[in-house]
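In our numbering, the protein residues as written are 3 to 267.
All C-beta atoms, glycine included, are put in the ideal place defined by N, C-alpha and C.
As structure tokens, the structure follows; a few thoughts come after it.
Here it is, written out as structure tokens:
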């Protein structure tokens with residue numbers, strides 16, 4: 003059960019507005035969050051999955067969440083049009099999809115103020131195309147919480163992305179490795195790396211929207227490793243779903259742009 007929050011309900015927000023001024027404010031804010039806002043069962047931390055036209059990858063991630071006991075999840079849908087995905091929403095996730103009816107991109111959680119649903123709460127925000135390496139890992143979130151709590155300057159902690167097993171048939175393998183190696187270059191402890199995190203997957207301190215985004219981020223390897231699933235697709239044998247996704251990718255990701263350049267070369 004969550005600890006009782008003091009009656010001044012705006013305290014977390016007011017504290018978060020001041021943490022940029024000094025490390026002391028940050029330390030106080032983090033103490034408050036872990037003392038009063040951390041859920042009694044961390045596996046019930048709200049998880050928001052940002053998605054557009056990914057069906058198989060999303061299903062893989064949801065299957066993993068269900069299997070490991072993380073059931074408080076929601077899908078943010080960015081105007082998807084892929085028929086099998088829409089059918090999946092209706093059949094399996096009728097109460098868990100937040101339909102934006104437009105493509106708000108990778109920052110939809112903040113742009114569309116979905117964060118207001120979890121004000122003063124820890125939360126996970128993730129892309130739909132990542133998948134933890136370990137099939138069974140019910141302590142996944144506990145590991146992220148532990149890391150977030152033990153590093154005073156950190157407001158955001160996420161899993162490291164595995165890159166040592168990318169298949170040769172993925173056309174952008176070398177590009178991915180060259181880009182991603184930088185995020186493994188600053189180890190700060192065993193299985194911990196100081197590195198920026200975009201929206202791949204991360205645990206956020208409450209009210210992160212108002213918090214300065216340039217504070218240190220930490221990526222956790224070991225049992226918390228994830229794979230970015232599109233890096234394992236066969237570039238010359240795309241499935242119909244993968245072809246559909248690329249054809250409908252209005253909001254271009256870094257890797258979608260490279261894929262399109264590769265095909266047009």
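Query raised in the report: Sorted by chain position, which residues of the same chain lie with C-beta nearer than 7 Å to residue 130's C-beta, five sequence neighbours on each side aside?
Result: 51, 52, 53, 56, 59, 60, 63
Query raised in the report: Between residue 71 and residue 155, what straight-line distance do the alpha-carbon atoms span, to the nearest angstrom?
Result: 30 Å
Requested in this report: Report yes or no: do three or more beta-carbon pairs, one from the segment 193–210 and one from the segment 156–167, lie closer than 8 Å?
Outcome: yes
**Report entry** Cβ contact (3+ pairs, closer than 8 Å) linking the segment 73–85 and the segment 103–116
**Finding:** yes
Report task. Consult DSSP for residue 25 and reduce its assignment to one of helix, strand or coil. Result -> helix
Query raised in the report: Would residue 2 be called buried (16 or more neighbouring beta carbons within 10 Å of its own) or exposed?
Result: With the chain running from 3 to 267 in the structure shown, residue 2 is simply not present.
Requested in this report: Give the DSSP-derived three-state secondary structure of residue 241 in the structure shown.
Outcome: coil
Query raised in the report: So residue 129 is in the beta strand (DSSP E); what residue range does that whole segment cover?
Result: 125–129
Requested in this report: Mind checking which residues open and close the alpha helix (DSSP H) that includes residue 88?
Outcome: 85–94
Report task. Tell me, please, which residues DSSP counts as bridged to residue 191. Result -> 194
**Report entry** Alpha-carbon to alpha-carbon, residue 167 and residue 10
**Finding:** Because residue 10 carries a pLDDT of 37, less than 50, the predicted location of this residue cannot be relied on, and the following value inherits that uncertainty. If you take the alpha carbons of residue 10 and residue 167, they lie about 50 Å apart.
Requested in this report: Report yes if the C-beta distance between residue 95 and residue 77 is below 8 Å; otherwise report no.
Outcome: yes
Query raised in the report: Does the distance from the C-beta atom of residue 149 to that of residue 222 stay below 8 Å?
Result: yes
**Report entry** Check whether residue 124 and residue 208 have beta carbons under 8 Å apart
**Finding:** yes
Report task. Pick out whichever of 226, 157, 247 has its Cα sitting closest to the Cα of residue 218. Result -> 157
**Report entry** Residues that DSSP places opposite residue 210 in a beta bridge
**Finding:** Residue 210 pairs with nothing; no bridge assigned.
Report task. Leaving out five residues on either side along the sequence, give the residues of the same chain with a beta carbon under 6 Å from the beta carbon of residue 204. Result -> 158, 160
Query raised in the report: Where does residue 157 sit, in a helix, a strand or coil, going by DSSP?
Result: strand
Query raised in the report: Cα separation between residue 75 and residue 27?
Result: 31 Å
Requested in this report: Identify, in the order they occur along the chain, each residue of the same chain with its Cβ nearer than 7 Å to the Cβ of residue 250, setting aside the five sequence neighbours on each side.
Outcome: 55, 83
Query - Residue from 38, 73, 183, 68 whose Cα sits closest to the Cα of residue 46 - result: 73
Report task. Within the same chain, show all residues whose beta-carbon is closer than 7 Å to that of residue 153, passing over the 5 residues directly before and after it, in chain order. Result -> 220
**Report entry** residue 133 - containing beta strand (DSSP E), residue span
**Finding:** 132–134
Query raised in the report: Helix, strand or coil: which one does DSSP assign to residue 180?
Result: helix
Query raised in the report: What residues in its chain sit with their C-beta under 6 Å from that of residue 44, if we drop five residues either side in the sequence?
Result: 143, 144, 147
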